[in-house]
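Chain order of the listed sequences is C and L. If you're matching positions, the first sequence starts at 3 in the numbering used here and goes up one per residue. If you're matching positions, the second sequence starts at 1055 in the numbering used here and goes up one per residue. Don't be surprised by glycine CBs; every beta carbon is placed ideally from N, CA and C.
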Amino acid sequence: MPAKTANCPNCGAPVEFLWSAAVQTTCPYCKSIIVRRDVNWQKVGEIADLPLDASPIQIGAEGVYRQKAFVVVGRIIYEYERGGWNEWHLAFNDGTSGWLSDAQLDFAISFQHAPPSPLPPAGNLQPMQTFAWFNQQYSVTTITVANYAGVQGELPFEYWDKSKVTFADLKSPDAHFATIDYSESTPLLFVGESIEYDALQLKNVRLFEKW
Amino acid sequence: MPTGESKADVRLDGPGGPSGAVALTRALNCPNCGASLTMRAAGHSLSIVCDSCHSVLDAKDENYQVLSQFESKMRFQPLVPLGSRGRMAGQIWEVIGAQVRTIEVDGVAYSWSEHLLFNPYQGFRYLTHYQGHWNFVRTVQALPLGSSHMGKPAVILQGETYTHFQTAQAQTTFVVGEFPWEVHSGDVAEVRDYIAPPHMLSSEATTAEAGAEEITWSLSTYMAASEIEQAFKIPRLPPPAGIFADQPNPYAARAKGIWGSFGLLLLALLVAAIGSIALSSNKEIFSHDYSFRRGAGEPSFVTEPFELTGRTSNVELNLDTDIYNNWAYFNFALIDQDNNKAYDFGREVSYYTDSDGSEGSKSDTATIPSVPPGRYYLRVEPETPDAAYDLHYHLRLRRDVPNLTFFLLAFFALLIPPIIVQWRSAAFEGHRWMESDYSGRGAASVFSSSGDDD
């Protein structure tokens, strides 16, 4: 992966890119959120203090999914009434990108897909409503209204001015997993599967004292 | 386990240790009673419950604000203490919280405990305990499919069918330690247990604040108390009492093995029986008609000598008479002509008939085992009660007759162990299901009628 750097438009510090297609990142020195505008980078905000978080995943962690190596390049943090979770942005070595969600150490990998059928608006979605997508039967298990709690690192889209976001989680009988993300005017579909920590063969993860 | 250089982002999460490792433990004092507490999964825990005053503290708040007071009528010490670490299912787990949950069946309260296990990489598991029975529990991300099995509701997960065992309202009646969810006094969940020993698949339905029902599935694996003693280095945990829902049936596995051995032994027995038939010469050596009338001379007589050939083997005598509403007794002796060795035996035949039916038999058979080859003759002495009775009979001798009595007895003897184990296995299952909604008592019908639709 070609190492790329840009200078932070706010403090001038060099900002390194792990993924060449990033359209947003954060400056690790001055905490500015910067986004790509044509060829220039522009400051659009500042990251607030991130909530206390004990995920073993961190930016720079490397792993393998379906024989493809990935590196963790960014994340979005959400909070809701029952806690919080991280959506880690993964850059794969073939240039594609995906997401590793860590909800209280329950891990799932997903990729954005064009919906095979139009997605219903959030207000019309019912628990246990089913969808037949990609030869799987998905049932809506939870509908969550979460607070956007922060971003860090490189993302494939601009994502920094959110507040409340509605998500619908769907599960299938063989542990496939889907999320409908209502953060944009057109809902987005992410499809994947839940996965064991060990199956990701992660390296360069966080270390915990006495563990 | 993690390898390589740590790039822990210490700026975001507070100071790391000398190696850049992040501390998950926090020492704190209960803001209500001042007791010193240890938090073991900082960053994950939402609530921590003081074990002195049962205040529920906000684990995410830097001042550990008191959220509520847990009302508990019981005192409880988890059998595996908070902070214990043990290896289960190939990973190290630390006990960070424990709760007691109680269900009521027919007015009787049953309580079990749940230890919350934590590993900062692998996540959360539960270790449940009820009267010496232990289960290692993890949440299930797949969505089980509704089904039915032998007339009971069932669910299918990854090809395995789990049969409905019990549905109950479980109330949280005691908590201590920390949890990755908000603890509320008296939380109630509807728990449905489905079993496929040594596993149990359970759904827990809780009503979220928004009013939507949330269902969590978890899979339990039965563990022996000795495994827990070993994993957590705890001496002498209480022995199991009764039979637990997903406890493996020890006789079921044994029955399988024993029926297997039975099959093999039966095959051997059949081969032996067929061999015995094939090797028997079953040769007729003597066949003759006689008649007898009491008082008409000396009753006893001897036959012409005959040759018994081959190996030392049995001799079978068939006696056929025309006795009718009378009886007759025969003294027999098979005598070796060379050394006068005699095989003495007697046979009685009697046959009576009237309008009510008949009893007795006109014929009989005697088998003399182990007769060496040689020249023999038979001495016969008939006896009847009436002098006026004319008895006609036929004698037939056969040499080396196949005898299947032994094989029949052996067959029944072989059947005894598998039948005993099978019976014990069935008794074990009966005992198990006594504790279910299908015991034929109390709450059963309520749930069996409503269980099909999920």
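Query: Nearest residue (CA-CA) to ILE1157(L), options GLU1116(L), ALA1224(L), PRO1174(L), GLY1240(L); Result: ALA1224(L)
Query: Runs of beta strand (DSSP E) lying entirely within the segment 52–98 of chain C, each at least 3 residues, in chain order; Result: 64–67, 70–82, 85–94
Query: TRP101(C) beta carbon near the ligand SAH (any heavy atom closer than 6 Å); Result: Looking for the ligand SAH in the displayed structure turns up nothing, as the structure carries no ligands at all.
Query: N- and C-terminal bounds of the alpha helix (DSSP H) containing LYS1310(L); Result: 1304–1333
Query: Sufficient close CB pairs (3 or more, under 8 Å) joining the segment 1268–1284 of chain L to the segment 1187–1194 of chain L; Result: yes
Query: Secondary structure, beta strand (DSSP E): runs of 3+ residues fully inside the segment 1360–1436 of chain L; Result: 1360–1362, 1367–1375, 1380–1390, 1396–1408, 1411–1415, 1417–1425
Query: CB contact check: ALA177(C) to chain L, cutoff 7 Å; Result: yes
Query: Interfacial residues, the segment 84–117 of chain C to chain L, with Cβ spacing under 7 Å; Result: ARG84, GLY85, GLN106, LEU107, ASP108
Query: Inter-residue spacing [alpha-carbon to alpha-carbon] between GLY1058(L) and PRO1132(L); Result: At GLY1058(L), the pLDDT of 36 sits below 50, so the modelled position is not reliable; the number obtained from the coordinates is stated separately. Roughly 37 Å between the two C-alpha positions.
Query: Opening and closing residue of the beta strand (DSSP E) in which THR146(C) lies; Result: 138–155
Query: Cα-Cα separation, TYR150(C) to GLN106(C); Result: 17 Å
Query: Rounded C-alpha distance that separates ASP171(C) from ALA180(C); Result: 6 Å
Query: Residue burial classification, HIS91(C) (beta-carbon count within 10 angstroms, cutoff 16); Result: buried
Query: Residue-chain proximity (GLN1047(L), chain C), Cβ-Cβ < 7 Å; Result: Absent from the structure is residue 1047(L), since the part of chain L shown begins at 1055 and ends at 1508.
Query: Chain C within 7 Å of HIS1098(L), Cβ atoms only; Result: yes
Query: For ALA1081(L), the residue or residues it bridges with in DSSP; Result: THR1092(L)
Query: Validate contact between the segment 101–118 of chain C and the segment 189–208 of chain C using beta carbons, cut 8 Å, 3 pairs; Result: yes
Query: Residue interval of the alpha helix (DSSP H) (run including GLY1144(L)); Result: From DSSP, GLY1144(L) is part of no alpha helix (DSSP H); its letter is neither H nor E.
Query: Sequence-distant residues of its chain with Cβ nearer than 6 Å to PHE1130(L) (five each side left out); Result: VAL1154, PHE1228
Query: Nearest to GLU1283(L) (by Cα), restricted to the options SER1138(L), THR1407(L), TYR1344(L), GLU1437(L); Result: SER1138(L)
Query: Where the alpha helix (DSSP H) containing PHE1482(L) begins and where it ends; Result: 1459–1488
Query: Closer than 7 Å to chain C by CB, GLY1329(L); Result: no
Query: Stretch pair the segment 1469–1486 of chain L + the segment 1290–1304 of chain L: three plus CB contacts closer than 8 Å; Result: yes
Query: Under the three-state DSSP convention, the category PHE1580(L) falls into; Result: Nothing in the structure corresponds to residue 1580(L), since chain L is present only between 1055 and 1508.
Query: GLU1158(L) - partner residues in DSSP beta bridges; Result: ALA1163(L)
Query: CB contact check: LEU54(C) to chain D, cutoff 7 Å; Result: Checking the listed chains, one finds no chain D in this structure; the protein chains it contains are C and L.
Query: N-terminal and C-terminal residue of the alpha helix (DSSP H) that ILE1282(L) is part of; Result: 1279–1286
Query: Close beta carbons around ASP1398(L), own chain, < 6 Å, minus the five adjacent residues each side; Result: ALA1387
Query: SER1335(L) classed as buried or exposed, judged by whether at least 16 other C-beta atoms fall within 10 angstroms; Result: exposed
Query: Residue range of the beta strand (DSSP E) that includes ILE1102(L); Result: 1101–1103
Query: Interface flag, GLN203(C) vs chain L, CB-CB below 7 Å; Result: no
Query: When HIS178(C), GLY152(C), LEU157(C), ASP176(C) are compared against LYS166(C), the one with the closest alpha-carbon; Result: GLY152(C)
Query: Whole-angstrom C-beta distance between PHE1172(L) and ALA1594(L), which should lie under 8 Å; Result: Since the displayed chain L opens at 1055 and closes at 1508, residue 1594(L) lies outside it and no answer follows.
Query: GLN60(C) versus ALA1278(L): straight-line alpha-carbon distance, rounded; Result: 38 Å
Query: Backbone CA spacing between LEU1463(L) and GLN1185(L) [nearest angstrom]; Result: 45 Å
Query: Three-state secondary structure assigned by DSSP to ALA124(C); Result: helix
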